[in-house]
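These protein sequences, in sequence, are chains A and B.
Letter by letter, the first sequence follows residues 2 to 213 in this note's numbering.
Letter by letter, the second sequence follows residues 7 to 16 in this note's numbering.
By construction, the Cβ of each residue, glycine as well, lies at the ideal position given by its N, Cα and C atoms.
In this text, all values refer to a predicted model and were calculated from it rather than measured experimentally.
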Amino acid sequence: MNVFRLTGDLSHLVAIILLLLKIWKTRSCAGISGKSQVMFALVFTTRYLDLFTNFISPYNSVMKVIYLGCSYATVYMIYMKFKASYDGNHDTFRAEFLIIPVGGLAFLVNHEFTPLEILWTFSIYLESVAILPQLFMITKTGEAETITTHYLFALGLYRALYLINWIWRYYFEGFFDLIAIVAGCVQTILYCDFFYLYITKVLHGKKLSLPA
Amino acid sequence: EEPAAGKDEL
Chain A
2 MNVFRLTGDL
12 SHLVAIILLL
22 LKIWKTRSCA
32 GISGKSQVMF
42 ALVFTTRYLD
52 LFTNFISPYN
62 SVMKVIYLGC
72 SYATVYMIYM
82 KFKASYDGNH
92 DTFRAEFLII
102 PVGGLAFLVN
112 HEFTPLEILW
122 TFSIYLESVA
132 ILPQLFMITK
142 TGEAETITTH
152 YLFALGLYRA
162 LYLINWIWRY
172 YFEGFFDLIA
182 IVAGCVQTIL
192 YCDFFYLYIT
202 KVLHGKKLSL
212 PA
Chain B
7 EEPAAGKDEL
């Protein structure tokens, strides 16, 4: 474990908790893409299937349980509890256009052709594009609540920190996983224009609004 | 057995 991976995990945890609190406190999921949240729940489900069979450390197991629990709680709140506030008209990104190609790619490009490995690979590829419906929704609505931008910033930052973690691990442990690295680069690149808007607008106290 | 290196990450 190195400081980049630890801060990356904490940034990820902050993002997930931030979103959960935003929906719970405001009792509304306006501006949140349910499709992205469903895909994140799918990412954690397919990635943490070894939760009970492959113990790595208390930290690892606790974080997996938290991620799984929070992502399902978020999906539940969006589609059940606060369904009335779900903005389906703007959450129109065709998720199947992501899930099907990612599923096919996981079959073709993986480290080992076994169910667990293919599902893990699927979760890595899916995570890299899972935020697209959310970013697409923001372009449709033309704006985002400030708390939502903080959520997105923390979420984008987590994988950027993981990229540094992989550089660190390559130099000090000789470890690298090309699938995770390439997908992590794609994932972080997708946030670049959001990062630009976040830093130039939100951090200057402005609301994030796109030229409609 | 030792988990494949990448699988110790979240």
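When DSSP builds the beta bridges, which residues end up paired with residue i?
i        : result
A:Glu144 : A:Ser210
Should residue i go down as buried or exposed, given a rule of 16 or more other Cβ atoms within 10 Å for buried?
i        : result
A:Leu99  : buried
A:Cys193 : exposed
A:Tyr199 : buried
A:Phe108 : exposed
message: Is it the case that the stretch 150-164 of chain A contacts the stretch 8-26 of chain A, given that we only count it when at least three CB pairs across the two stretches are under 8 Å?
response: Short answer: they touch.
- prompt: Okay, do the stretch 82-97 of chain A and the stretch 16-33 of chain A touch, 3+ Cβ pairs below 8 Å being the bar?
  reply: yes
query: Which residues, in order along the stretch 63-79 of chain A, keep a beta-carbon less than 8 Å from a beta-carbon of chain B?
result: Near chain B, meaning a CB-to-CB distance below 8 Å, the residues of the stretch 63-79 of chain A are Met64, Lys65 and Tyr68.
- prompt: Using a beta-carbon distance cut-off of less than 9 Å, what residues from the stretch 3-21 of chain A approach chain B?
  reply: Taken in chain order, the members of the stretch 3-21 of chain A whose beta-carbon sits within less than 9 Å of a beta-carbon on chain B are Arg6, Gly9, Asp10 and His13.
task: Report yes or no: do the stretch 131-140 of chain A and the stretch 180-198 of chain A share at least 3 C-beta pairs separated by less than 8 Å?
output: Counting Cβ pairs under 8 Å, three or more are found: they touch.
task: Jot down the residue ranges of each uninterrupted alpha helix (DSSP H) in the stretch 106-151 of chain A, minimum 4 residues, whole runs only, in chain order.
output: 116-130 and 133-142
message: For the structure I just gave you, are there three or more beta carbon pairs, one from the stretch 65-82 of chain A and one from the stretch 120-128 of chain A, closer than 8 Å?
response: no
task: Check whether the stretch 53-66 of chain A touches the stretch 93-108 of chain A, counting contact only when three or more Cβ pairs, one atom from each stretch, lie closer than 8 Å.
output: no
query: Does the pairing of the stretch 138-146 of chain A with the stretch 161-169 of chain A give three or more beta-carbon distances under 8 Å?
result: Contact between the stretch 138-146 of chain A and the stretch 161-169 of chain A is absent, because fewer than three Cβ pairs lie under 8 Å.
query: Going along the chain, which unbroken runs of the alpha helix (DSSP H) with 4 or more residues stay wholly within the stretch 5-93 of chain A?
result: 35-48 and 59-77
- prompt: Mind pulling the beta strand (DSSP E) runs of 3 or more residues that sit fully within the stretch 159-208 of chain A?
  reply: none
task: Check whether the stretch 41-53 of chain A touches the stretch 2-12 of chain A, taking contact to mean three or more Cβ pairs, one atom from each stretch, closer than 8 Å.
output: no
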